[in-house]
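*Asks:* When the letters of the sequence shown are read in order and numbered with mature numbering (1 follows the signal peptide of the UniProt record, and there is no 0), they come out as residues -25 to -1, 1 to 96. First the structure, which I've put down as structure tokens, then a few questions once you've had a look.
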Amino acid sequence: MKKNKLMILLLAVVLLGGCVQEAHLKTVMVTLTVHNKKGIQAVGIRGNGNPLTWEQDYPMTAVVTDSVYHASFKTMTAFKFTEMKFTVDGAWELEGRPNRKVVYPENRDTVVVNAVFDQQD
């Protein structure tokens, strides 16, 4: 009886141990274009996976005031994609519409995202 339990436990460890996906370091470079807004104070990204969260903006830096914003970050992930949305002065884009899906390429460590605020690709 003990031998059977030990064999089942050993088999479970071997099988489950092989199911863990390997995490990879990915660099995400994001450029956001904003149209028809003036006096912008803050632009951010919210989403899945560290350093992004849905509760707090990941800040973007103005490249061209009131027009083009940039951010880059690194994330250690085993996922094939992440989801995100942008905010301008606390207002969410794409209200009631699906999140943006950013696919991590398998053969590259860097993904480039070019987006227009409140316009789905």
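The beta-carbon is built from N, C-alpha and C at its ideal position, and this holds for glycine as well.
If you run the structure through DSSP and keep just helix, strand and coil, what is Pro73?
*Replies:* If you number the sequence shown from 1, residue 73 lands on position 98. It is coil, neither helix nor strand.
*Asks:* For a test of the three-state rule: what should DSSP assign to Ala53, helix, strand or coil?
*Replies:* Taking the sequence shown and counting its residues from 1, the one referred to as residue 53 is at position 78. Coil.
*Asks:* Near Lys12, which residues of its chain fall below 7 Å by C-beta distance, leaving aside the five closest residues on each side in sequence?
*Replies:* The residue given as residue 12 occupies position 37 in the sequence shown. The answer, listed in chain order, is Asp41, Val63.
*Asks:* Between which two residues does the beta strand (DSSP E) harbouring residue 100 extend?
*Replies:* Any answer about residue 100 is impossible in this case: the structure gives the chain only from -25 up to 96.
*Asks:* Would you check if the distance between the CB atom of Met35 and the CB atom of Leu69 is smaller than 8 Å?
*Replies:* Here residue 35 refers to the residue found at position 60 when the sequence shown is read from its first residue. Here residue 69 refers to the residue found at position 94 when the sequence shown is read from its first residue. Contact flag unset, no.
*Asks:* Apply the 10 Å Cβ neighbour rule to Val3 and answer buried if 16 or more other Cβ atoms are within range, or exposed otherwise.
*Replies:* Counted from its first residue, the sequence shown places residue 3 at position 28. With 16 or more other Cβ atoms within 10 Å, it is buried.
*Asks:* If you check the beta carbons only, do Asp32 and Ile15 fall under 8 Å apart?
*Replies:* Position 57 of the sequence shown, counted from the first residue, corresponds to residue 32. Position 40 of the sequence shown, counted from the first residue, corresponds to residue 15. Against a cut-off of 8 Å, the Cβ pair of Ile15 and Asp32 comes out as no contact.
*Asks:* Residue 103 and Lys1 look like a contact to me (Cβ under 8 Å); what is the Cβ gap, rounded to whole Å?
*Replies:* The first residue shown for the chain is -25 and the last is 96, placing residue 103 beyond what the model contains.
*Asks:* Flag Gly65 as yes if its beta-carbon sits less than 8 Å from any beta-carbon of chain C, otherwise no.
*Replies:* This model lacks chain C altogether; it includes just one protein chain.
*Asks:* Checking 8 Å against the spacing of the C-beta atoms, do Gly24 and Phe54 come in under that value?
*Replies:* Along the sequence shown, one-based indexing puts residue 24 at 49. Along the sequence shown, one-based indexing puts residue 54 at 79. For Gly24 and Phe54, yes; Cβs fall inside 8 Å.
*Asks:* Is it right to say Val5 is buried, meaning 16 or more other beta carbons lie within 10 angstroms of its own, or is it exposed?
*Replies:* By one-based count along the sequence shown, residue 5 stands at place 30. It counts as buried.
*Asks:* Counting C-beta neighbours from all protein chains within 10 Å, is the total for Phe92 16 or more, i.e. buried, or is it exposed?
*Replies:* The count along the sequence shown starts at 1 and reaches residue 92 at position 117. It is buried - the Cβ of Phe92 has at least 16 other Cβ atoms within 10 Å.
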